[in-house]
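Working notes, structure below.
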Amino acid sequence: MHLSQETFDSLFIASGLVTKDDLSLARDEAKKQGKSPFDTLISLGKISEAHLAEVLATYYEVPIFDAKRSETEDDALMRLPQAFIKTHRVFITAEDDTTVTLGMVDPGDADTIAEVRAMTGKWVNAAVVTMSSVAYALKKYRAAQGVVFDAHRAAVEAQDGESASIIETLDALLEHAITLGASDLHVEPLENMLVVRARIDGIMQEIASFPKSFSAPLVARIKVIANLQVDEHNAPQDGRFRANADAAGTIDIRVNIMPVLHGEKAEMRLLRSTSRPITFRDIGLAPVQEALLEAEVHKPHGMILVTGPTGHGKTTTLYAILHKLNSPKVNITTIEDPIEYEFPHVNQTQVNARAGITFANGLRSLLRQNPDIIMVGEIRDEETADIAVHAALTGHLVLSSLHTNDAPSALPRLVDMGVEPFLLASTINAVVAQRLVRKICPTCIYSYKISPEIKRAITAQKKALGDTHIKTVPETLYRGKGCSVCGGSGFLGQVAVFEIMAMNDELRELAQKQTGAAVIRKQAIKGGMTTMFEDGLQKVERGVTTIEEVLRVVQE
């Protein structure tokens, strides 16, 4: 909501559609579920979509656009990525040489207007649309996209993999995956066919299939543009390239080629440069967690570690910390693999094994650059761990990531990597552990009462994790029905669940004694640490995600 509370209240009371009590209820529900008051007023049945559009159109002095009754050209509609339309609830209704008209559920969203202006290079005029119009536009978008993609695939099959169609097909696959908001694209040879799958909101989905004869030339094309050896078929290879996607701009693509049973499999990680800095609120930190982490990252020296599996947002959290600390008054240097977002005033170095730049020797060189703050993308080996810990000990603030299941496990993991326990006790400020869960689609969310089976599953998980201190279990749960906005999945986007272990005297003493992770965890909880499972249950209670999602990730 981009209206002040006072303006919001007076606007809707003056319309005669709602009372003060209605607004108070809507605000409480919106806060609980992490939704906008606009959505809540509609879901509570206090106003209709049409009434909301009329009020906003009058206030902002903009027209109303109805996607079902007015014509939208496919080219204009598809100027924005599908994922952007879903997330921001906007779509382009018309376009000329200098201007685009942007249909918006919230025409007061100046940040989105600025993003669309940057993406299109044109002046943006706003119009009000309802969520039903957004859903209809997305349905039309998918239909248009499907026709283009299916027609292209048919042409490819007819040509049976001629070189021109290979290039076009890879371009189409990448564009399709980027439009769907995928984080990864997998090209997988099977015995009798080639399957292409995309990871969308953390879940794999098949998006295309081709004849088996298409497998080798498509992988060869990927090797060529990723600067890999085309004639190497028996060893893994890593590379990268850049692609330009309509409206999404330049995408960095990290490639891994791996020999498998029926040929070579290509995995492509799609790395988007975010259009704006990432904040603590963006990544899903609760206010208490946000305050705790902010206090820790502003300490002048020491180490902050972010832990979790691959693909669960560790780099995004590190970038949020960098954004918080970034200032012309400090010298920040990084060694990353890859660089996913460019920061002003930050000296960023890319790992390059061919040029001899690894995390370890890159970090050693960075220390001669007179840094105040150092970010090491990942601690992978004993040498990197040793250099990072000594850097933190000698007056630098060091940020890095590590692969562990939870925050307490980071301490014994570093000991296993050869770090002396007394050094850990002296240098670690905090450890952040996280997992990504899918968010419930705000358009089709509904509530239901918890079942005895789910209660038993929660109780069992509390015992398994040692989270028996969690006393309350939400009685009301939420999920998505599935709609055209979320593609029928009931989910839209991802958010992290966190646990932040801030070091105190008791934990430092345990670290020095080389205590196991279970004992450290018990002491951290006693000291007030909110566990990932506990944070997940809080997000379940607010309607951010489902209980099934939380149980899925904490059991990994």
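For what it's worth, this note's numbering labels the leading residue of the sequence shown as 148, then goes sequentially. Just so you know, even glycine gets a beta-carbon here, dropped at the ideal spot from N, CA and C.
Which residue marks the beginning of the alpha helix (DSSP H) containing residue i, and which one marks its end?
i	result
phenylalanine 159	152-161
glutamate 530	529-540
alanine 200	196-207
phenylalanine 506	506-513
phenylalanine 427	427-430
proline 364	362-372
valine 334	Counting along the chain, valine 334 falls outside any alpha helix (DSSP H), though it belongs to the beta strand (DSSP E) covering 331-336.
isoleucine 189	184-190
Please determine, among the options, the residue with the shortest C-alpha to C-alpha distance to residue i.
i	options	result
leucine 417	Gly410, Ile482, Gly431 and Asn391	Asn391
valine 632	Tyr283, Asp652, Thr678 and Thr623	Tyr283
leucine 624	Glu688, Met648 and Val644	Glu688
alanine 265	Gly163, Leu227, Ser547 and Lys286	Leu227
isoleucine 313	Ile369, Ile694 and Ala329	Ile369
valine 252	Gly268, Glu242, Ser183 and Arg216	Ser183
arginine 501	Gly386, Thr397 and Thr462	Gly386
alanine 241	Asp258, Gly613 and Trp270	Trp270
alanine 577	His445, Pro364 and Tyr466	His445
alanine 345	Gly690, His616 and Glu322	Glu322
asparagine 272	Ser171, Leu465, Glu176 and Thr259	Thr259
leucine 203	Asp244, Thr166 and Gly255	Gly255
leucine 432	Ala643, Glu483, Arg419 and Lys476	Ala643
glutamate 443	Thr606, Leu472, Gly635 and Glu483	Leu472
phenylalanine 159	Lys193, Thr693 and Lys179	Lys193
For residue i, would you say it is in contact with chain B, using Cβ-to-Cβ distances shorter than 8 Å as the test?
i	result
glutamate 353	Of the protein chains in the structure, only one exists, and it is not chain B.
What whole-angstrom Cβ distance do residue i and residue j have, given they're in contact under 8 Å?
i	j	result
glutamine 641	aspartate 331	In fact, because the Cβ distance is near 13 Å, the residues do not count as touching under 8 Å.
valine 545	alanine 554	Not quite, the Cβ-Cβ distance comes to about 17 Å (not below 8 Å), so this is no contact.
leucine 698	glutamine 608	6 Å
glycine 411	proline 336	Sequence check: residue 411 is glutamate here, not glycine. Indeed they touch by this definition, with Cβ atoms about 7 Å apart.
Please classify residue i: does DSSP put it in a helix, a strand, or coil?
i	result
valine 276	coil
methionine 351	strand
glycine 690	coil
valine 93	Residue 93 is absent from the structure shown; the chain starts at 148 and stops at 703.
aspartate 307	Legend: pLDDT at aspartate 307 = 49, less than 50; position of this residue unreliable, value from coordinates given subsequently. Three-state DSSP puts aspartate 307 in coil, outside helix and strand.
threonine 267	helix
serine 422	Any reading at serine 422 must be qualified, since the residue scores a pLDDT of 45, below 50, and its modelled position is unreliable; the value itself is stated next. In this structure, serine 422 counts as coil in the three-state DSSP scheme.
glutamate 483	strand
histidine 235	helix
proline 228	coil
glutamine 661	coil
proline 406	strand
isoleucine 605	helix
leucine 439	helix
valine 697	helix
valine 562	helix
phenylalanine 569	helix
proline 475	coil
lysine 620	The amino acid at residue 620 is misidentified as lysine; the sequence shows valine. Valine 620: coil per DSSP, three-state reduction.
Starting from residue i, follow the beta strand (DSSP E) in both directions and report where the run begins and ends.
i	result
glutamate 414	410-419
serine 217	Run containing serine 217: none; DSSP gives neither H nor E here.
valine 545	544-549
glutamine 581	575-587
glycine 497	Note on identity: in this sequence residue 497 is glutamine, with glycine being the wrong assignment. It spans 493-497 - the beta strand (DSSP E) in which glutamine 497 sits, taken as one unbroken run.
lysine 596	592-596
tyrosine 625	623-627
alanine 643	638-649
Practice task
Specify whether the stretch 559-576 and the stretch 592-601 touch according to this definition: at least 3 beta carbon pairs, one from each stretch, less than 8 Å apart.
Solution key: no
Practice task
Indicate whether the contact test is met: 3 or more Cβ pairs, each with one atom in the stretch 226-235 and one in the stretch 205-216, closer than 8 Å.
Solution key: no
Practice task
Determine contact between the stretch 338-357 and the stretch 375-386, defined as no fewer than three beta-carbon pairs at a distance below 8 Å.
Solution key: no
Practice task
Kindly confirm or deny that the stretch 495-512 and the stretch 447-457 touch, where touching means at least three C-beta pairs closer than 8 Å.
Solution key: no
Exercise for the section: Could you tell me whether the stretch 668-686 touches the stretch 433-448, using the rule of 3 or more Cβ pairs below 8 Å? Expected result: yes
Exercise for the section: Flag this pair as touching only if the stretch 637-653 and the stretch 427-436 have three or more C-beta atom pairs under 8 Å; answer yes or no. Expected result: yes
Problem - Cβ pair count under 8 Å reaching 3, the stretch 196-203 against the stretch 221-229 - result: no
Exercise for the section: Spell out a yes or no on whether the stretch 581-595 and the stretch 611-630 are touching, meaning 3 or more CB-CB pairs, one atom from each, closer than 8 Å. Expected result: yes
Practice task
Check whether the stretch 583-592 touches the stretch 655-666, taking contact to mean three or more Cβ pairs, one atom from each stretch, closer than 8 Å.
Solution key: no
Practice task
Please determine if the stretch 526-534 and the stretch 555-567 are in contact, where contact requires at least 3 C-beta pairs separated by less than 8 Å.
Solution key: yes
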